[in-house]
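Beneath this line is the structure, given in structure tokens, with notes to follow.
In this note's numbering, the protein residues as written are 879 to 965.
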């Protein structure tokens, strides 16, 4: 338990941020899983659409401070490489 009111407020803020970050990360993991499944099924049109959605989710996570920009670039690069190697 925090002893000061400012520490209690900080704890509440951190908990809210942790939950928000968890939701965003979970959404990205699910989207990347769907992307890989679509790639395995050789659905070219769907894979491009899914890549765009995934890249958008990753970029939004960076803007909210959930991911570092270099990590996001690395994730997008790996997914793009998967997309281009299957065609």
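All residues carry an ideal CB built from backbone N, CA and C; glycine is no exception.
Task: Under 8 angstroms between C-beta atoms of residue 925 and residue 936 - done: Start at 1 with the first residue of the chain shown, and residue 925 comes out as number 47. Start at 1 with the first residue of the chain shown, and residue 936 comes out as number 58. A distance of 8 angstroms or more separates the beta carbons of residue 925 and residue 936.
TODO: Please go through the same chain and pick out, in chain order, the residues whose beta-carbon is closer than 8 angstroms to the beta-carbon of residue 950, but skip the five residues on each side of it.
DONE: The residue labelled residue 950 in the question sits at position 72 within the chain shown. 936, 937, 939, 940.
Task: Same chain, Cβ closer than 7 angstroms to residue 892, neighbours up to 5 away in sequence not counted - done: For this step, residue 892 is matched to residue 14 along the chain shown. Answer for residue 892: no residue qualifies.
TODO: For residue 958, count neighbouring C-beta atoms within 10 Å of its own C-beta (all shown protein chains included) and say buried if the count is 16 or more, exposed if not.
DONE: Here the question's residue 958 lines up with position 80 in the chain shown. Within 10 angstroms of the beta-carbon of residue 958 lie fewer than 16 other beta-carbons, which makes it exposed.
Open item on the list: I'd like the span of the alpha helix (DSSP H) that includes residue 947, first residue to last.
Closed with: Counting from 1 along the chain shown, the entry for residue 947 is found at position 69. Taken as a continuous stretch (DSSP letters only), the alpha helix (DSSP H) holding residue 947 covers 947 to 963.
Task: Contacting residues, own chain, Cβ-Cβ under 6 angstroms from residue 945 (five flanking each side not counted) - done: Counting from one through the chain shown, the residue named residue 945 turns up at place 67. Around residue 945: 939.
Task: Minimum C-alpha distance to residue 953 - residue among 963, 933, 942, 943 - done: Mapped onto the chain shown, residue 953 falls at position 75. When 963, 933, 942, 943 are compared, the shortest CA-CA separation from residue 953 is found for 933.
Open item on the list: Going by DSSP, what residue range makes up the alpha helix (DSSP H) through residue 940?
Closed with: By 1-based counting over the chain shown, the position of residue 940 is 62. Counting along the chain, the unbroken alpha helix (DSSP H) around residue 940 starts and ends at 922 to 941.
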